[in-house]
Amino acid sequence: MAETIFTRNFHLADSHTLERYRATGGYTALDKAFRMEPAAITEEVKKSNLRGLGGAAFPTGVKWGFIPKGSTAPKYLVINADEGEPGTFKDRYLMERDPHALIEGMIIAARAIDSHLGFIYIRGEYVQPWRVVSAAVREAYGAGYLGKNIKGSGFDFDIVIHRGAGAYICGEETGLLSSLEGKKGWPKIKPPFPAVKGAFGHPTIVNNVETIASVPHIINRGAEWFAGLGTRTQGGTRLYSVSGHVAKPGVVEASVSITLRSLIYDHCGGIAGGRKLKAVVPGGSSAPILTADEIDVTMDADGLKNVGSMIGSAGVIVMDETVSIPEALMVVARFYAHESCGQCTPCRESTGWIYKMSRRIVEGKGRKEDLDTIIDVAKRGAGTTICAFYDGAVGPYVSYIEKFREEFEALVRSGTSA
Amino acid sequence: MADAARPEFTAEQLAEVQRLQLLYPDKRGALLPVLHLAQDAFGYVSLEVEEYVAGLFDLSPAHVHEVATFYTMFFKAPVGRHVVSVCHNLTCHLMGAKTIVEHLQRRLGVDVGETTPDGRVTLLTVECLCACEVAPMMQVDDRYEGLLTPDKVDRILEGLR
Chain Y
0 MAETIFTRNF HLADSHTLER YRATGGYTAL DKAFRMEPAA ITEEVKKSNL
50 RGLGGAAFPT GVKWGFIPKG STAPKYLVIN ADEGEPGTFK DRYLMERDPH
100 ALIEGMIIAA RAIDSHLGFI YIRGEYVQPW RVVSAAVREA YGAGYLGKNI
150 KGSGFDFDIV IHRGAGAYIC GEETGLLSSL EGKKGWPKIK PPFPAVKGAF
200 GHPTIVNNVE TIASVPHIIN RGAEWFAGLG TRTQGGTRLY SVSGHVAKPG
250 VVEASVSITL RSLIYDHCGG IAGGRKLKAV VPGGSSAPIL TADEIDVTMD
300 ADGLKNVGSM IGSAGVIVMD ETVSIPEALM VVARFYAHES CGQCTPCRES
350 TGWIYKMSRR IVEGKGRKED LDTIIDVAKR GAGTTICAFY DGAVGPYVSY
400 IEKFREEFEA LVRSGTSA
Chain A
0 MADAARPEFT AEQLAEVQRL QLLYPDKRGA LLPVLHLAQD AFGYVSLEVE
50 EYVAGLFDLS PAHVHEVATF YTMFFKAPVG RHVVSVCHNL TCHLMGAKTI
100 VEHLQRRLGV DVGETTPDGR VTLLTVECLC ACEVAPMMQV DDRYEGLLTP
150 DKVDRILEGL R
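These protein sequences, in sequence, are chains Y and A.
Per numbering that gives the first Met the number 0, the first sequence starts with residue 0, numbered consecutively.
Per numbering that gives the first Met the number 0, the second sequence starts with residue 0, numbered consecutively.
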């Protein structure tokens with residue numbers, strides 16, 4: 000079994016405490032980072048091939064490098080803890096069981112980008128993670144890891160914890176920033192990118208919880224070690240959230256190079272009840288669906304891209320042979336219709352209409368031409384909107400119908416629900 | 000509980016509003032946290048609450064209305080003493096969310112979106128709460144409850160007074 004980084008303390012009842020974190024080597028990366036030049040920290044993260052683990056898989060060190068050089072404006076570090084991608088729950092585990100890894104990672108990242116104020120944007124429904132992270136931040140202040148002149152380094156850094164209030168779109172980084180500024184969570188047109196003009200109009204880096212929790216390990220053990228855990232283009236292990244019809248659902252830590260088959264059969268006990276696998280959504284609901292024949296793919300960003308899907312948030316949703324794919328599409332379409340922020344016309348209109356059509360199909364009132372209409376409407380809107388939300392909806396709309404077309408056709412022909 | 004028709008924070012709550020506003024480079028950043036505070040204090044975010052909160056931020060009531068109505072967690076009308084929100088997204092759907100919703104509707108005698116006549120429970124369906132490993136699941140006030148069966152739902156309901 001591959002080395003574990005994130006989950007090594009998860010089994011300990013007090014893994015969320017400062018005492019346990021320090022007893023297992025916590026906050027030693029910070030000492031090391033304080034002896035490094037900020038640019039050297041960014042360079043180390045670049046070399047580690049760490050890529051964003053929230054969904055976009057963008058190289059983290061490269062992102063940090065986008066902060067304008069020599070800018071004297073305040074810079075902010077914002078943690079995207081607005082976990083909301085259906086099928087994903089790994090950031091909840093990290094926040095509840097290893098919050099100090101997030102805090103230590105934040106301080107190191109802040110030093111790299113010259114930020115003295117960080118925000119953790121936690122989805123409003125996550126009350127327990129919010130309580131645990133709040134307690135950990137208080138502990139960190141008490142021990143001198145946050146605030147003025149951290150551990151005599153001369154570096155100041157404060158953390159504000161901000162609760163969201165229920166809106167999937169706030170997981171999109173510019174929507175998140177709008178929300179943090181006290182507005183509805185409407186995404187913003189890029190450029191300017193947040194690194195140039197972000198929160199409150201200042202240079203801002205937005206990173207996912209797991210991404211930042213990787214940073215202390217990279218600093219402690221070196222970029223080469225981290226890069227070596229993964230593939231040529233993506234370093235590290237990561238947390239997979241596996242749910243649905245597997246025998247043992249849960250969070251699994253494994254290399255980014257693991258295959259989907261191994262994840263399901265070696266780590267999660269295979270399909271529950273001895274039934275057959277039908278389909279898998281490999282990276283949260285926005286990732287195009289894979290059939291049972293396509294699970295030998297590796298779970299790194301490029302591996303899944305090569306088979307026309309995406310790793311996204313690494314939320315793996317497993318469906319056995321009893322599942323009606325048209326019903327699954329209706330459920331997913333309802334979600335996108337509900338969560339479209341309404342700013343861009345193609346998204347607002349298409350998500351609503353496609354939900355109506357998918358429901359009509361399931362209710363046995365569908366027409367044969369509905370299938371091509373959904374695909375046509377979906378594809379026309381792709382790439383025309385301010386943010387990636389709609390493109391994320393197009394993935395399931397098109398792939399569910401194209402890969403399970405016979406099942407949809409039987410439904411519109413017979414006029415009966417599956 | 001204070002009155003959502005004539006909202007007014009206590010001195011202690013006003014101090015908390017001020018503390019929150021000072022945490023942000025622009026005090027408007029504290030709008031969501033203060034709306035949470037207001038909902039805790041007044042039960043829901045009425046038009047009067049929106050107007051009152053707007054005054055604390057030098058914002059127009061229209062701006063606060065736009066924000067409050069954008070987010071699902073701010074209630075626009077009174078809710079029961081307990082709010083039960085069942086996830087009906089993909090994994091919970093696969094694992095039987097429909098049965099759980101139907102069971103709750105029968106037990107409570109209300110439809111989704113309604114409150115029991117005694118004001119005890121409001122029943123809602125929600126999108127993914129990101130606890131898919133224990134699907135089907137629901138949120139009961141602040142708490143996540145997973146691996147639901149009709150029996151387990153009954154036991155949870157008994158605990159809600």
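By construction, the Cβ of each residue, glycine as well, lies at the ideal position given by its N, Cα and C atoms.
Positions along the segment 157–176 of chain Y whose CB lies within less than 8 Å of some CB in chain A: Listed by position, the residues of the segment 157–176 of chain Y near chain A (Cβ gap below 8 Å) are Val-159, His-161, Arg-162, Gly-163, Ala-164, Gly-165, Ala-166, Tyr-167.
8 Å contact criterion, which Y/Met-94 and Y/Val-131 should meet: CB distance rounded: About 6 Å separates the two Cβ atoms, so the contact holds.
Cα-Cα separation between Y/Phe-33 and Y/Lys-150, rounded to whole angstroms: The alpha-carbon atoms of Y/Phe-33 and Y/Lys-150 are separated by roughly 9 Å.
Residues that A/Ser-170 bridges to, as DSSP identifies them: In the structure as shown, chain A starts at 0 and stops at 160, and residue 170 of chain A therefore has no counterpart that could be examined.
Listed by chain order, chain A residues near Y/Met-298 by CB distance under 7 Å: Within chain A, no C-beta atom comes nearer than 7 Å to that of Y/Met-298; the closest sits roughly 17 Å away.
Under the three-state DSSP convention, the category Y/Val-132 falls into: It is helical.
Under 8 Å between C-beta atoms of Y/Val-306 and Y/Glu-293: In terms of Cβ geometry, Y/Val-306 and Y/Glu-293 form a close pair [threshold 8 Å].
Chain-ordered neighbours of A/Val-139 on chain Y, where CB pairs are closer than 9 Å: Correct list: empty, because the minimum Cβ distance to chain Y is about 11 Å.
CB contact check: Y/Arg-404 to chain A, cutoff 8 Å: Judged by the 8 Å Cβ criterion, Y/Arg-404 is not in contact with chain A.
For Y/Asp-369, the first and last residue of its enclosing beta strand (DSSP E): DSSP places Y/Asp-369 in no beta strand (DSSP E) but in the uninterrupted alpha helix (DSSP H) bounded by 367–380.
Minimum Cβ-Cβ distance from Y/Leu-262 to chain A less than 8 Å: Chain A, which has no Cβ nearer than 8 Å to the Cβ of Y/Leu-262, makes this no.
Unbroken stretches of the alpha helix (DSSP H), 4 residues or longer, contained in the segment 315–351 of chain Y: Fully enclosed alpha helix (DSSP H) runs of 4 or longer: 324–338.
At least three beta-carbon pairs within less than 8 Å, the segment 28–43 of chain A to the segment 162–174 of chain Y: They touch, by the three-pair rule.
Among Y/Glu-180, Y/Asp-301, Y/Ser-152, Y/Ile-102, nearest to Y/Ala-55 - alpha-carbon criterion: Closest option to Y/Ala-55, Cα to Cα, is Y/Asp-301.
Exposure label - A/Glu-157; buried when at least 16 CB within 10 Å: Exposed.
The alpha helix (DSSP H) enclosing A/Gly-54, as first and last residue numbers: From DSSP, the alpha helix (DSSP H) with A/Gly-54 extends over 46–56.
Among Y/Cys-386, Y/Gly-143, Y/Lys-183, Y/Glu-406, the one whose alpha carbon lies nearest that of A/Thr-68: Nearest in C-alpha terms to A/Thr-68, of all of Y/Cys-386, Y/Gly-143, Y/Lys-183, Y/Glu-406, is Y/Lys-183.
DSSP-derived helix/strand/coil call for A/Glu-132: Note: A/Glu-132 maps to helix in three-state DSSP.
Beta-carbon gap between Y/Arg-19 and Y/Asn-8 smaller than 8 Å: In contact: Y/Arg-19 and Y/Asn-8 (Cβ atoms closer than 8 Å).
Enclosing beta strand (DSSP E) for Y/Phe-118 [first to last residue]: Residues 116–121.
Best match in A/Val-83, A/Thr-114, A/Glu-113 for proximity to A/Ile-99 [C-alpha to C-alpha]: When only C-alpha atoms are compared, the closest one is A/Val-83.
A/Ile-99 at chain Y interface by Cβ criterion, 8 Å: Under the Cβ criterion of 8 Å, A/Ile-99 is not counted among the residues facing chain Y.
Contact set between A/Glu-144 and chain Y, taken where Cβ atoms lie within less than 8 Å: Neighbours of A/Glu-144 on chain Y: none; closest Cβ ~12 Å, over 8 Å.
Under 8 Å (Cβ pairs) to chain A, residues found in the segment 217–251 of chain Y: Flagged, chain order: Ser-240, Val-241, Ser-242, Gly-243, His-244, Pro-248, Gly-249, Val-250.
Contact under 8 Å by Cβ, Y/Cys-267 with Y/Val-296: Result no, Cβ atoms of Y/Cys-267 and Y/Val-296 do not sit closer than 8 Å.
Host beta strand (DSSP E) of Y/Tyr-239 (start-end): Per DSSP, Y/Tyr-239 belongs to the beta strand (DSSP E) from 236–243.
Three-state secondary structure assigned by DSSP to Y/Leu-11: DSSP, read as helix, strand or coil, puts Y/Leu-11 in coil.
Which of helix, strand or coil DSSP assigns to Y/Arg-274: Note: Y/Arg-274 maps to coil in three-state DSSP.
Contacts that Y/Thr-350 makes with chain B (C-beta to C-beta distance below 9 Å): You won't find chain B in this structure, because its protein chains are Y and A.
Cβ shell of Y/Phe-88 (< 6 Å), same chain only, five flanking positions each side left out: Closer than 6 Å at the Cβ level, and outside the excluded window around Y/Phe-88, lie Ser-240.
Limits of the unbroken beta strand (DSSP E) element including Y/Ser-254: Segment 249–254, the beta strand (DSSP E) holding Y/Ser-254.
Cβ-based burial, Y/Gly-272 [other Cβ within 10 Å; buried from 16]: Exposure of Y/Gly-272 is indicated by the presence of fewer than 16 other C-beta atoms within 10 angstroms of its C-beta.
Spatial distance of Y/Ile-477 from Y/Gly-117 (CA atoms): Absent from the model: residue 477 of chain Y. The displayed extent of chain Y is 0 to 417, so no value can be given.
Residues sharing a beta bridge with Y/Phe-156, DSSP: Bridge pairing for Y/Phe-156: Y/Gly-146 [DSSP].
Nearest-angstrom Cβ-Cβ length linking Y/Leu-262 and Y/Val-205, presumed shorter than 8 Å: In fact, because the Cβ distance is near 28 Å, the residues do not count as touching under 8 Å.
Proximity of Y/Val-319 and Y/Lys-355 at Cβ, strictly below 8 Å: First, the residue type needs correcting, since residue 319 of chain Y is Asp and not Val in the sequence shown. No.
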